[in-house]
Amino acid sequence: MLPVVALVGRPNVGKSTLFNRLTRTRDALVADFPGLTRDRKYGQATHAEHNFIVVDTGGIDGTEEGIEVEMAEQSLLAIDEADIVLFLVDAREGLTASDYAIAEHLRKLNKTTFIVANKVDGIDGDSTTAEFYNLAMGEVHQIAAAHGRGVSLLLDQALMPV
Ligand code: GDP
Ligand code: MG
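Residue numbers for the sequence shown, in this note's numbering: 24 to 185.
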């Protein structure tokens with residue numbers, strides 16, 4: 024069985040952009056509209072001779088209502104079947120209440136989780152991502168999914184045990 028890596032985070036943090044980079048497809052919908060990817064979306068990826076499955080999710084924000092409840096359920100299912108969770112946050116928007124809510128969910132699920140601060144292109148990554156240490160989930164990995172910066176280094180660490 025290939026390891027399964029789930030991309031989790033509130034809408035618009037860049038999950039689908041990272042999915043597309045990892046799988047080198049444009050299959051996952053990327054949009055400026057939060058929450059467009061309504062379902063789980065699977066792809067295959069390779070890093071340093073490790074093959075793995077990537078799962079894109081619609082995003083959860085911890086305060087769902089209506090249709091969003093179903094999207095959140097899909098995300099929780101994706102987390103459940105994953106070996107590794109990449110919890111994406113937005114370095115430009117900073118730490119939000121939703122990020123805290125998601126962190127609480129993830130803590131209960133007891134999965135190997137990496138905090139990934141996306142969109143550090145063109146900004147001071149160290150100072151803008153420092154606040155994500157308040158999530159108390161370990162090291163904050165800086166990436167720019169749209170450009171690829173930091174992605175390889177992240178995968179080196181995330182896939183190391185598998
Ligand atoms: P999702 O809702 O989490 O799947 O987020 P998307 O992948 O759809 O991206 C949301 C928005 O963030 C889009 O406008 C992307 O172009 C933008 N975005 C994604 N990654 C980056 C990045 O590394 N840098 C910047 N500046 N924007 C990004
Ligand atoms: Mg998406």
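Glycine included, each C-beta is placed from N, C-alpha and C at the ideal position. No experiment lies behind these values; they were computed from the predicted model shown.
Nearer than 8 angstroms: is that true of the beta carbon of T46 relative to any heavy atom of the ligand GDP?
no
Taking the DSSP output, what are the residues bridged to N74?
Residue pairing by DSSP places N74 opposite T69 in a beta bridge.
For G173, I'd like the list of residues in its chain whose CB is within less than 8 angstroms of its CB, leaving aside the five on either flank, ordered along the chain.
V143, H164, Q165, I166 and A167
Assign V53 to one of two classes, buried (16 or more other C-beta atoms within 10 Å of its C-beta) or exposed (fewer than that).
Only weak support is given to the placement of V53: the predicted model assigns it a pLDDT of 49, under 50, and the question is left unresolved by the model.
Considering only the alpha carbon of each residue, which of F42, F110, L30 and T80 lies closest to H170?
F42
Take A105 and list the residues in its own chain whose beta-carbon comes closer than 7 angstroms to its own, dropping the five residues that flank it on each side.
V27, V28, A29, V78 and K134
So what does L138 bridge to, in DSSP terms?
It is Ile, not Leu, that sits at residue 138 in the sequence shown. Per DSSP, F110 and V163.
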